Amino acid sequence: MTENPFFETWITPFGLPPFDRIRPEHFPPAFDRGIAEQSAEIAAITGSAVAPTFANTIEALERSGRLLDRVSRVFFNLDASNTNETLEAIARDYAPKLAQHRMRIALDEDLFARIAELHAGRATLGLAGDQLRLLERQHLRLVRSGALLRPEQKVRTAAIAERLAALHTLFGQNVLHDERDWQLVLDEADLDGLPDFARVAAGQAAKERGIEGRWVVTLARSAAEPFLTFSSRRDLRRTLWQAWTARGAHDGSRDNRPLIREIVTLRAEQARLLGYDNFAAYRLDDSMAKTAAAVERLLLQVWEPAKDKAGEEKARLEAVARAEGLNEPIEPWDWRYYAEGVRQAEYDLDEAVVKPYFVLDNMVQAAFDTARRLFGVTFTERDDLPVYHPDVRIWEVRDSAGEHVGMFLHDNFARPGKRSGAWSSRYRDQETLDGAVTPIVVNNNNFTRGEPTLLSFDDAETLFHEFGHGLHGLLSRVRYRSQSGTAVRQDFVEFPSQIFEHWMAAPETLRRYACHYQSGEPIPEHLLRRLLAARTFNQGFATVEYTGSALLDLELHREPSPETLDIAEFEREWLDRIGMPQEIGLRHRPAHFQHLFAGGGYAAGYYAYLWAEVLEADGFAAFTEAGNVFDPELAARLKAIYSAGDTRDPMDLYREFRGREPTIDALLDQRGLKVLRP
Ligand SMILES: [Zn+2]
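Just so we're aligned: the sequence shown equals residues 46 to 723 in the numbering used here.
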């Protein structure tokens, strides 16, 4: 029998997982042993005859589950970015088992009794600020998991959590399946309107699928969006659009629609058990926003102005469409195409002219350089370390004194077996409880590979966005793992990522890093000016597309009778009620809304991007007001937010950085929306 790497001490450099030795069959026994080990550790805490102390209870809990954490990190990262049927089967098998294990700990009466005793006497324990917050949040976490419920309610709560874990896994797998399964195979004559980069990418995608001499467009956002933007073939745009928006909604064994009903029903039941009217109320009680009413207020503050702006945009689109001979109404599969026409006509900006200036490798360097100038960290590539896929590149991160900070993995290309979208995750969190543990962070994108890979302006923003999350993990300076890096409130976690996007669009960055892939010439000033002038262009559309999804999320999780939910009808009625423009599609339709249903993290929480944007737009304005986007004093104060993790209240952190609370003005301004005052 071969050795299981999870049962050894890793001697790999910087604690990287030994990817070259990890096989799928290592996971099940490692999960089993990890669960057993943590259960024994919890039993040791609760079985202690000694009265509870912060050290023997809270810190002991922090130390528990090391093996399980290690195997879970590797498994769930690989399952997201490089999965296969074996891993998918293990995920289906272990998601409910892991949920059951977590609920067993959360509902352990002896453990809660010890924590509750500490919590009651917390003012007299002489705890440091981070410790007091850790104790308060651990206590709250258990209460919110059901620790105060009656025994039969606890049994039901645990069963709900277990079933939800299984449903989330299935939901994500069904979307991936639909994305993997579908392809639009094109002949030369079908490529009308597509610029070189899109043709090259479609040729590459065909080659990867063993289709010679033809072209393939997939349902990855990075392939679908360019096709919808450039293809002058309205029939093909429509075909692609219909497939794209139907992901997860096909009759048969992989239909996500019945899963949605079950998920929403279980969440509502869980919330009621815990004393809340609905899931949104439960979820938001532990957020910066606090209530559904506060979330709704923010969303509606942008909704009407965004629709007004989209209406103006539509009129301009129609003018271009009429000139091109389209006499029918603009449909959702037309919007991007004619918007590109308007962009070219009004701003003289052709995406095919802009893209050659956005070479992936250069933009990665730009992100690294921004991190160096703001926060003093440097990135050095290591090509001598094992990776899980040849696409992955690894960088060692050091601070200005040359000290090791952590490792950064970059996995940038779309491929079968990789979840769509972009995300940041960790293989290991920073902490110092028993000596310094440095973070290992990974960023995933789904760019279409090219020679070289060229990005759109939006792609480059996404790259910076995920890198902002990455820095939140890398710059973490906390004592406890539970408070590390991105372990903050859901509606605060997008602040460090979204504010970082601003440095991509800073003229300093573009002049230096937006260089033509052939000539190496920096982007011409006139093009740069037009690019920045066009930033509020189409923001009515983007805001409607996003806010529609966010409103739907909130409404779905306030639904009074989810057990009879017909999601198609619900969607239709709700969009009608809020006056969703029919020519704009939702950013995410329910059957492939992975934020909501492939996990619980963003359920009743999709608004968080806009919530964080209020902070981020207001926060970046501090740099523009200072007249220097690299202002060292502001950068140092911003770094304090990236380093604090969850050791402090997020609004306190923000106030210390900004000197005051945020206002919504900068957000409306950056989206080009007219201010609406109540
Ligand atoms: Zn994000």
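Quick reminder that beta carbons are idealized off the backbone N, C-alpha and C, glycines included.
Here the structure is a predicted model, which means the values were calculated and not measured.
Supposed contact pair residue j and residue i - C-beta distance, whole angstroms, cut 8 Å
{"i": "Leu180", "j": "Leu193", "result": "Not confirmed; about 17 Å, so no contact."}
{"i": "Ala325", "j": "His602", "result": "4 Å"}
{"i": "Val262", "j": "Phe272", "result": "5 Å"}
{"i": "Phe509", "j": "Phe545", "result": "5 Å"}
{"i": "Arg167", "j": "Leu177", "result": "6 Å"}
{"i": "Gly729", "j": "Leu212", "result": "For the chain, the structure presents residues 46 to 723; residue 729 sits outside this window and is missing."}
{"i": "Ile80", "j": "His146", "result": "5 Å"}
{"i": "Asn407", "j": "Tyr558", "result": "5 Å"}
Same chain only: Cβ atoms within 6 Å of residue i, ignoring 5 sequence neighbours per side
{"i": "Arg451", "result": "Here residue 451 turns out to be Gly, not Arg, going by the sequence shown. So the list reads Val442, Thr483, Pro484, Leu519, once near-sequence residues are dropped."}
{"i": "Pro567", "result": "Arg556, Cys560"}
{"i": "Asp536", "result": "Ser332, Met333, Ala334, Ala653, Trp656"}
{"i": "Ala662", "result": "Ala711, Leu712, Gln715"}
{"i": "Phe157", "result": "Leu187, Ala192"}
Proximity test, residue i beta-carbon vs ligand 1 heavy atom, cut-off 7 Å
{"i": "Ser35", "result": "An answer regarding residue 35 cannot be provided, because it is not within the stretch 46 to 723 covered by the chain."}
{"i": "His547", "result": "no"}
{"i": "His434", "result": "no"}
{"i": "Glu506", "result": "no"}
{"i": "Glu661", "result": "no"}
{"i": "His602", "result": "no"}
{"i": "His146", "result": "no"}
{"i": "Glu539", "result": "yes"}
{"i": "His514", "result": "yes"}
{"i": "His510", "result": "yes"}
Rounded separation between residue i and residue j - CA only
{"i": "Ser277", "j": "Tyr525", "result": "55 Å"}
{"i": "Pro607", "j": "Tyr383", "result": "39 Å"}
{"i": "Pro377", "j": "Lys359", "result": "11 Å"}
{"i": "Ala125", "j": "Lys142", "result": "19 Å"}
{"i": "Pro723", "j": "His547", "result": "Per-residue confidence for Pro723 stands at a pLDDT of 46, beneath the threshold of 50, marking its modelled position as unreliable; no derived number is given."}
{"i": "Gly717", "j": "Arg68", "result": "51 Å"}
{"i": "Arg522", "j": "His449", "result": "13 Å"}
{"i": "Leu573", "j": "Cys560", "result": "11 Å"}
{"i": "Arg705", "j": "Ser688", "result": "20 Å"}
{"i": "Trp289", "j": "Arg632", "result": "11 Å"}
{"i": "Val432", "j": "Trp286", "result": "35 Å"}
{"i": "Glu570", "j": "Ala338", "result": "45 Å"}
{"i": "Arg22", "j": "Arg464", "result": "For the chain, the structure presents residues 46 to 723; residue 22 sits outside this window and is missing."}
{"i": "Thr214", "j": "Asp322", "result": "27 Å"}
{"i": "Gly297", "j": "Ala89", "result": "48 Å"}
{"i": "Ala579", "j": "Gln389", "result": "10 Å"}
{"i": "Phe424", "j": "Arg438", "result": "12 Å"}
{"i": "Gly530", "j": "Asp691", "result": "7 Å"}
{"i": "Leu343", "j": "Asp300", "result": "33 Å"}
{"i": "Asp393", "j": "Arg575", "result": "7 Å"}
{"i": "Gly255", "j": "Asp226", "result": "14 Å"}
{"i": "Leu419", "j": "Pro677", "result": "7 Å"}
{"i": "Pro435", "j": "Leu454", "result": "12 Å"}
{"i": "His184", "j": "Ser109", "result": "17 Å"}
{"i": "Thr581", "j": "Gly664", "result": "19 Å"}
{"i": "His517", "j": "Ala532", "result": "10 Å"}
{"i": "Ala649", "j": "Met148", "result": "21 Å"}
{"i": "Asn490", "j": "Val538", "result": "18 Å"}
{"i": "Ser84", "j": "Arg115", "result": "16 Å"}
{"i": "Leu229", "j": "Glu253", "result": "14 Å"}
Close Cβ partners of residue i (< 8 Å) along its chain, the five nearest in sequence each way excluded
{"i": "Lys719", "result": "Pro350, Asp353, Lys354, Leu713"}
{"i": "Gln198", "result": "Gly191, Leu318"}
{"i": "Pro73", "result": "Ile135, Asp138, Tyr139"}
{"i": "Ser93", "result": "Asn101"}
Cut-off 7 Å between Cβ atoms - residues of its own chain near residue i, not counting five sequence neighbours on either side
{"i": "Ala667", "result": "Leu679, Arg703"}
{"i": "Thr131", "result": "Pro69"}
{"i": "Leu329", "result": "Lys335, Thr336, Ala337, Val340, Ala649"}
Start-end ranges of the beta strand (DSSP E) lying completely within the stretch 241-315, minimum 3 residues: Within the stretch 241-315, the runs of beta strand (DSSP E) that reach at least 3 residues and sit entirely inside it are, in chain order, 260-262.
Whole runs of the alpha helix (DSSP H) within the stretch 581-658, excluding any shorter than 4 residues: Fully enclosed alpha helix (DSSP H) runs of no fewer than 4 residues occupy 584-601, 612-623, 639-642 of the stretch 581-658, in order along the chain.
Secondary structure, beta strand (DSSP E): runs of 3+ residues fully inside the stretch 140-214: You should have found no qualifying run.
Any beta strand (DSSP E) of 3 or more consecutive residues that is wholly inside the stretch 429-505: Restricted to the stretch 429-505, the beta strand (DSSP E) segments that are unbroken, complete and at least 3 residues in length are 438-443, 449-458, 468-473, 485-492, listed in chain order.
Uninterrupted alpha helix (DSSP H) stretches inside the stretch 310-383 (no shorter than 4 residues): Listed in chain order, they are 324-330, 337-368.
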